[in-house]
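Residue 5 is where the sequence shown starts when you use this note's numbering, and the numbers rise one by one after that.
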Amino acid sequence: MHSARSSSHGSDVLVIGGGIIGLVTAWRAAQRGLRTAVVDPGPGGGAAQVAAGMLAAVTELHYGEQTLLGLNLASAERYPAFAAELEAASDGQDIGYRACGTLAVALDADDRSHLRELHALQRRCGLDPEWLTGRECRRLEPMLAPGVRGGLRVDGDHQVDPRRLAKALVTACERAGVAFHRAWAERLTLARDRAAGAVLADGTALSADQVVLAAGSLSGRLAGVPADVLPPVRPVKGQVLRLTVPRPYAPFLSRTVRAVVRGGPLYLVPRENGELVVGATSEELGWDTTVTAGGVYELLRDAHELVPGITELPLTETRAGLRPGSPDNAPMLGPTALPGLHLATGHYRNGVLLTPVTGDAMAAVLATGELPHEALPFTPRRFSPVVQEQPV
Ligand code: GLY
């Protein structure tokens with residue numbers, strides 16, 4: 005433990021966590037004229053270094069997540085303009101936004117039933133992806149296994165490269181005047197019953213009018229946050245592989261291909277630079293980020309069933325990251341019951357997709373005190389203990 009050193013570091017907004025969610029919040033806040041600082045030992049790191057970058061609003065729809073669908077679609081719609089603006093604000097860095105679409109396929113009768121159910125849910129939500137036969141799927145993607153039984157063509161589910169996104173956001177923040185404190189935040193500080201800043205692991209004390217807790221799956225572990233506003237986030241491990249299509253690139257996949265294999269979601273995301281990302285496991289193992297032989301084996305086994313030719317490709321990287329899961333799989337955005345403390349966390353499977361809308365929502369609430377309407381259902385207060393009225 006360090007005793008807090010007094011410091012002249014003061015800002016309007018202090019963002020704790022420099023992953024893509026913290027960075028987009030800081031960038032957008034600085035654009036609104038707020039003096040903004042970010043605390044993170046390695047800005048641009050975190051789950052974005054592992055994520056595949058699917059913008060899968062439609063293909064990752066699940067029962068009970070129809071409200072989240074609205075936010076996901078709003079963010080997907082903003083991506084082209086967001087990518088162009090970020091590129092301009094980051095000295096021309098290309099974030100790998102690729103309007104390639106997605107094909108969700110079924111390998112056997114059970115998968116096909118699952119995909120039919122998903123299609124029915126999508127239609128009830130006003131979406132209408134096209135159902136394709138196995139033959140039509142293979143005409144679109146000739147590398148698919150001959151046994152593919154059918155699929156859904158979702159032309160609006162695109163991709164971005166999360167590593168490039170994170171790097172560009174760091175640059176955009178720097179250009180917008182965001183101050184970076186490259187250290188761990190050790191605890192939140194309070195003054196007169198409101199959030200007032202943070203003390204860092206090196207003892208530096210930072211003060212701010214408003215604090216945003218955007219530390220991904222670590223957001224529930226910051227000391228000093230009162231229990232009733234501590235975000236209920238948990239780490240959900242995902243192991244991800246990266247393969248490389250050798251130059252000159254033979255046609256491999258032209259769009260994201262995904263399937264449910266043996267009950268688990270599997271996806272292959274092809275980048276224009278030849279990288280092929282294969283993901284992902286979903287494991288509730290706490291803070292474990294070990295890449296296991298079993299995880300790699302299962303991903304390769306399932307990916308091989310879907311696209312047999314992948315076994316010819318060099319396996320260039322294996323990595324595990326932690327999704328910040330919330331109790332309802334949706335993010336927590338905006339003010340908590342503690343004045344001055346906001347949350348931007350709990351994005352679970354959709355952090356990359358939700359980056360544009362999160363930045364807009366957080367900047368709006370930080371600058372005006374009001375969350376935009378699309379973000380209102382995602383207030384952290386939905387998880388606050390119900391305060392019972394006392395009879396008078
Ligand atoms: N959205 C993909 C994943 O979480 O694995």
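No residue lacks a Cβ here, since even glycine has one placed at the ideal position from N, Cα and C.
(request) Could you check the C-alpha separation between R39 and A180 for me, to the nearest Å? (result) Along the sequence shown, read from residue 1 onward, the residue named residue 39 stands at position 35. Along the sequence shown, read from residue 1 onward, the residue named residue 180 stands at position 176. R39 and A180 have their C-alpha atoms roughly 10 Å apart.
(message) Just to confirm the assignment, what range does the beta strand (DSSP E) spanning S211 have?
(response) On the sequence shown, position 207 is the one that residue 211 refers to. Element bounds for S211: 209-217.
(request) Measure the alpha-carbon distance for G283 versus S388 and round it to whole angstroms. (result) Taking the sequence shown and counting its residues from 1, the one referred to as residue 283 is at position 279. Taking the sequence shown and counting its residues from 1, the one referred to as residue 388 is at position 384. Distance between the alpha carbons of G283 and S388 is about 34 Å.
(request) May I ask you to report which of helix, strand or coil DSSP gives R186? (result) Here residue 186 is taken as the residue at index 182 of the sequence shown, counted from 1. DSSP places R186 in coil when its eight states are reduced to three.
(message) With distance defined between alpha-carbon atoms, name the residue in L272, T315, P318, R323 nearest to V295.
(response) Taking the first residue of the sequence shown as 1, we reach residue 295 at position 291. The residue with the shortest Cα to Cα distance from V295 is R323.
(request) State the start and end residues of the unbroken beta strand (DSSP E) segment that holds Q243. (result) As a first step, residue 243 must be located in the sequence shown, where it is residue number 239. Its beta strand (DSSP E) spans residues 238-248.
(request) Would you tell me roughly how many angstroms separate the C-alpha atoms of D197 and A297, rounded to the nearest one? (result) If you number the sequence shown from 1, residue 197 lands on position 193. If you number the sequence shown from 1, residue 297 lands on position 293. A direct Cα-Cα distance of roughly 49 Å separates D197 from A297.
(message) Could you give the first and the last residue of the continuous alpha helix (DSSP H) run that contains M147?
(response) Locating residue 147 in the sequence shown gives position 143, where the first residue counts as 1. DSSP places M147 in no alpha helix (DSSP H); its state is neither H nor E.
(request) Mind checking which residues open and close the alpha helix (DSSP H) that includes G220? (result) Walking along the sequence shown from the start, residue 220 turns up at place 216. No alpha helix (DSSP H) contains G220, which DSSP labels as neither H nor E.
(message) Quick check for students: name the residue ranges of the alpha helix (DSSP H) that lie wholly in the region 85-151, counting only runs of 4 or more.
(response) DSSP runs (the alpha helix (DSSP H)) wholly in the region 85-151: 113-128, 138-144.
(message) In the DSSP output, which residue or residues are listed as bridge partners for G298?
(response) Here residue 298 refers to the residue found at position 294 when the sequence shown is read from its first residue. Under DSSP, G298 takes part in no beta bridge, so it has no partner.
(request) Could you tell me the distance, in whole angstroms, from the CA atom of L75 to the CA atom of M336? (result) Sequence index remark: in the sequence shown, residue 75 carries index 71 (1-based). Sequence index remark: in the sequence shown, residue 336 carries index 332 (1-based). Distance between the alpha carbons of L75 and M336 is about 12 Å.
(message) At 3 residues or longer, what runs of the beta strand (DSSP E) sit wholly inside the region 340-392?
(response) Whole beta strand (DSSP E) segments, 3+ residues: 345-349.
(request) Return yes when at least one heavy atom of ligand 1 lies under 7 Å from the C-beta of G242, else no. (result) On the sequence shown, residue 242 is found 238 positions in, with the first residue counted as 1. It does: the Cβ of G242 is within 7 Å (strictly closer) of some heavy atom of ligand 1.
(request) With DSSP as the reference, label D16 as helix, strand or coil. (result) Stepping through the sequence shown from its first residue, residue 16 is reached at position 12. Looking at D16 - three-state DSSP - the assignment turns out to be strand.
(message) Using only the alpha-carbon positions, how far apart do T293 and V240 sit?
(response) Within the sequence shown, numbered from 1, the residue matching residue 293 stands at position 289. Within the sequence shown, numbered from 1, the residue matching residue 240 stands at position 236. Each residue's Cα considered, the two are about 10 Å apart.
(message) So, with DSSP's three-state summary, where would you put R168?
(response) Residue numbering aside, residue 168 sits at position 164 when the sequence shown is read from its first letter. Of the three classes helix, strand and coil, the one that applies to R168 here is helix, per DSSP.
(message) Quick check: what's the CA-CA separation for P343 versus R191?
(response) Locating residue 343 in the sequence shown gives position 339, where the first residue counts as 1. Locating residue 191 in the sequence shown gives position 187, where the first residue counts as 1. C-alpha separation (whole angstroms): 16 Å.
(request) For F86, collect the residues of the same chain with a Cβ closer than 6 Å to its Cβ; drop the 5 residues on either side in sequence, then sort them by chain order. (result) Indexing the sequence shown from 1 puts residue 86 at position 82. For F86, the CB contacts under 6 Å within the same chain, skipping 5 residues up- and downstream, are P360 in chain order.
(request) Return the CA-CA distance between N354 and V261, expressed in angstroms with no decimal places. (result) Here residue 354 corresponds to residue number 350 of the sequence shown, with the count starting at 1. Here residue 261 corresponds to residue number 257 of the sequence shown, with the count starting at 1. Cα to Cα, the separation comes out at about 17 Å.
(request) Verify whether the separation of the beta carbon atoms of A365 and E374 is less than 8 Å. (result) As a position in the sequence shown, residue 365 is number 361, starting the count at 1. As a position in the sequence shown, residue 374 is number 370, starting the count at 1. No, they are not a contact pair.
(request) Would you grab the beta carbon distance between A170 and L357 for me? Rounded to a whole angstrom, and I think it's under 8 Å. (result) Locating residue 170 in the sequence shown gives position 166, where the first residue counts as 1. Locating residue 357 in the sequence shown gives position 353, where the first residue counts as 1. With a Cβ gap of about 14 Å, A170 and L357 do not count as contacting.
(message) Using a Cβ-based criterion (distance less than 7 Å to any ligand heavy atom), does R353 qualify as near ligand 1?
(response) As a first step, residue 353 must be located in the sequence shown, where it is residue number 349. Distances between the C-beta of R353 and the heavy atoms of ligand 1 include at least one below 7 Å.
(request) Give me the Cα-Cα distance between L136 and V249, rounded to the nearest whole angstrom. (result) Looking up residue 136 in the sequence shown gives position 132. Looking up residue 249 in the sequence shown gives position 245. One C-alpha to the other measures close to 27 Å.
(message) Applying the 10 Å Cβ sphere with the 16-neighbour rule, what's the burial state of Y67?
(response) For the purposes of this step, residue 67 is taken as residue 63 along the sequence shown, with counting starting at 1. Here Y67 is exposed: its Cβ has fewer than 16 other Cβ atoms, across all protein chains shown, within 10 Å.
(message) Among the candidates S223, N277, V311, whose CA atom is the shortest distance from the CA of A23?
(response) Locating residue 23 in the sequence shown gives position 19, counting from the first residue. Position check: residue 23 holds Gly in this sequence, whereas Ala was assumed. The candidate whose alpha carbon is nearest that of G23 is S223.
(request) Could you tell me whether the Cβ atoms of Q243 and V300 are closer together than 8 Å? (result) If you number the sequence shown from 1, residue 243 lands on position 239. If you number the sequence shown from 1, residue 300 lands on position 296. Result yes, Cβ atoms of Q243 and V300 sit closer than 8 Å.
(message) Taking the beta strand (DSSP E) that A227 belongs to, which residues open and close that run?
(response) The residue you call residue 227 lines up with position 223 of the sequence shown. Counted as a single uninterrupted DSSP element, the stretch harbouring A227 is not any beta strand (DSSP E), since DSSP gives it neither H nor E.
(request) Output yes or no for whether 8 Å exceeds the beta carbon distance between C104 and Q163. (result) Counting from 1 along the sequence shown, the entry for residue 104 is found at position 100. Counting from 1 along the sequence shown, the entry for residue 163 is found at position 159. A distance below 8 Å separates the beta carbons of C104 and Q163.
(message) Check this for me: beta carbons of V233 and L380, under 8 Å apart or not?
(response) By 1-based counting over the sequence shown, the position of residue 233 is 229. By 1-based counting over the sequence shown, the position of residue 380 is 376. No, they are not a contact pair.
(request) Report the rounded CA-to-CA distance for D425 versus T362, giving the unit in angstroms. (result) Residue 425 falls outside the range modelled here, since the chain spans only 5 to 396, and no answer is possible.
(request) May I have the straight-line CA-CA distance separating V311 from E89, to the nearest angstrom? (result) For the purposes of this step, residue 311 is taken as residue 307 along the sequence shown, with counting starting at 1. For the purposes of this step, residue 89 is taken as residue 85 along the sequence shown, with counting starting at 1. Answer to the nearest angstrom: the Cα atoms are 36 Å apart.
(request) State the Cα-Cα distance for the pair Q392 and A341, rounded to the nearest angstrom. (result) Position 388 of the sequence shown, counting from 1, holds the residue named residue 392. Position 337 of the sequence shown, counting from 1, holds the residue named residue 341. With a pLDDT of only 46 at Q392, under the threshold of 50, the placement of this residue in the model should not be trusted; the figure read from the coordinates follows. Roughly 15 Å separates the two Cα atoms.
(request) Would you please state the rounded distance, in angstroms, between the beta carbons of L226 and I20? I believe it to be under 8 Å. (result) To locate residue 226, count along the sequence shown from 1; it is residue 222. To locate residue 20, count along the sequence shown from 1; it is residue 16. Correct: roughly 7 Å between the Cβ atoms.
(message) Any heavy atom of ligand 1 closer than 7 Å to the beta-carbon of G23?
(response) Position 19 of the sequence shown, counting from 1, holds the residue named residue 23. Because no heavy atom of ligand 1 lies under 7 Å away, the Cβ of G23 does not count as near it: no.
(request) Determine the direct distance from the alpha carbon of A189 to that of V203, and round the result to whole angstroms. (result) Mapped onto the sequence shown, residue 203 falls at position 199. Mapped onto the sequence shown, residue 189 falls at position 185. The straight-line gap from Cα to Cα measures roughly 6 Å.
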